[in-house]
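**Q**
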Ligand SMILES: [Fe+2]
Ligand SMILES: [Fe+2]
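Residue numbers (this note's numbering): 2 to 223.
1) Please state if the CB of residue 148 and the CB of residue 177 are separated by a distance shorter than 8 Å.
2) Could you work out which residue in 202, 170, 95, 196 is closest to residue 56 when comparing CA atoms only?
3) Can you tell me which residues form a DSSP beta bridge with residue 164?
4) Closest by CA to residue 219, which one among 105, 181, 154?
5) Run through DSSP, which three-state label would residue 156 get?
6) Run through DSSP, which three-state label would residue 46 get?
7) Under a Cβ-count criterion, where at least 16 other Cβ atoms within 10 Å of its own Cβ denotes burial, should residue 136 be classed as buried or exposed?
8) Relative to the alpha-carbon of residue 3, which residue among 95, 204, 74 has its alpha-carbon at the smallest distance?
9) How would you call residue 102, buried or exposed, if buried means at least 16 neighbouring beta carbons within 10 angstroms?
10) Identify which residue in 152, 132, 190 has its Cα closest to the Cα of residue 174.
11) Looking at residue 136 and ligand 2, is the gap between the Cβ and the nearest heavy atom below 7 Å?
12) Excluding five sequence neighbours on each side, which residues of the same chain lie with their C-beta closer than 7 Å to the C-beta of residue 225?
13) Reducing DSSP to helix, strand and coil, say where residue 119 ends up.
14) Measure the C-alpha to C-alpha separation of residue 79 and residue 21 and round it to an integer number of angstroms.
15) So, using beta-carbon positions, are residue 89 and residue 74 closer together than 8 Å?
16) Between the Cα of residue 188 and the Cα atoms of 33, 157, 197, which residue gives the shortest distance?
17) Grab the span of the beta strand (DSSP E) containing residue 217 for me, first residue to last.
18) Whole angstroms are fine: how far does the CA of residue 154 sit from the CA of residue 146?
19) Quick check: the stretch 33-41 against the stretch 102-111, are there 3 or more CB pairs under 8 Å?
20) Quick one: is the Cβ of residue 116 within less than 7 Å of any heavy atom of ligand 1?
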């Protein structure tokens, strides 16, 4: 019998914990920034905040929190195609936990589409996951303090002292406010690395009938 499953049940699942731990270990091994429990929790939290703040149904918010938590689980297999791999991976787990098929397809669709650059996210849940995911830039994701060993991704994250996602319902505006230490990384490098992510956030905001606005160090860039 299908159940109404909440994020709490997902957090306690040992397979999911193992996949997330493996995904982060794989990234650590190749020197990439944090991609484990912290990033999963951040994405989950902000995906939920986006839909709750815009007064979507409570269940949509919870599905966004679940999909946000699971979105990068496919990195346990490989970074290449991790979105699609992750969607397939969680199918069986969610079925075993007992979610309703309608909920499973919402979650799987959001996970599978979260890196799609050329099309709009299929629904508000997928859009919220993208906003939670792509706005996670922060110095706490960097694994070392050694600037000389960091690639551009590492430097941009290391330089970001504050990232705040603000959701306004009237007028419908989603703002990302960043504080970047420009002694560590010029703002241009942020754009070089994050332009694709900004475009994804714009597409996602559009699906939610919102404008996406970006502030860096108090200046409005979008
Ligand atoms: Fe991803
Ligand atoms: Fe992610």
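Where is the CB? At the ideal position from N, CA and C, for every residue including glycine.
**A** Reading it off the structure:
1) The residue you call residue 177 lines up with position 176 of the chain shown. The residue you call residue 148 lines up with position 147 of the chain shown. For the 8 Å CB-CB criterion, residue 177 and residue 148 do not form a contact.
2) Taking the chain shown and counting its residues from 1, the one referred to as residue 56 is at position 55. Proximity to residue 56 across 202, 170, 95, 196 peaks at 170, based on C-alpha coordinates.
3) Indexing the chain shown from 1 puts residue 164 at position 163. Looking at the DSSP assignment, residue 164 forms a beta bridge with 179.
4) Locating residue 219 in the chain shown gives position 218, counting from the first residue. It is 181 whose Cα lies nearest to the Cα of residue 219.
5) By 1-based counting over the chain shown, the position of residue 156 is 155. In the structure shown, residue 156 sits in a helix (DSSP, three-state: H, G or I).
6) For the purposes of this step, residue 46 is taken as residue 45 along the chain shown, with counting starting at 1. When DSSP states are grouped into helix, strand and coil, residue 46 belongs to the helix group.
7) Within the chain shown, the letter at position 135 stands for residue 136. Buried: at least 16 other Cβ atoms inside 10 Å.
8) In the chain shown, the residue the question calls residue 3 occupies position 2. The shortest Cα separation from residue 3 among 95, 204, 74 belongs to 95.
9) Taking the chain shown and counting its residues from 1, the one referred to as residue 102 is at position 101. Exposed.
10) Translated into the one-based positions of the chain shown, residue 174 becomes position 173. For the set 152, 132, 190, the Cα lying nearest the Cα of residue 174 is the one of 132.
11) One-based indexing of the chain shown puts residue 136 at position 135. Every heavy atom of ligand 2 is 7 Å or more from the Cβ of residue 136, so no.
12) Past the boundaries of the shown model lies residue 225; the chain is included only from 2 to 223, so the question cannot be answered.
13) To locate residue 119, count along the chain shown from 1; it is residue 118. Secondary structure at residue 119: coil, using DSSP grouped into helix, strand and coil.
14) Position 78 of the chain shown, counted from the first residue, corresponds to residue 79. Position 20 of the chain shown, counted from the first residue, corresponds to residue 21. Looking at the two C-alpha atoms, the distance is approximately 12 Å.
15) Counting from one through the chain shown, the residue named residue 89 turns up at place 88. Counting from one through the chain shown, the residue named residue 74 turns up at place 73. No, Cβ-Cβ distance for residue 89 and residue 74 is not below 8 Å.
16) As a position in the chain shown, residue 188 is number 187, starting the count at 1. Ranked by Cα distance from residue 188, the options 33, 157, 197 are led by 157.
17) Counting from 1 along the chain shown, the entry for residue 217 is found at position 216. For residue 217, the enclosing beta strand (DSSP E) stretches over residues 212-217.
18) For the purposes of this step, residue 146 is taken as residue 145 along the chain shown, with counting starting at 1. For the purposes of this step, residue 154 is taken as residue 153 along the chain shown, with counting starting at 1. One C-alpha to the other measures close to 13 Å.
19) Contact fails: fewer than three Cβ-Cβ distances are below 8 Å.
20) Counted from its first residue, the chain shown places residue 116 at position 115. A heavy atom of ligand 1 is found nearer than 7 Å to the CB of residue 116.
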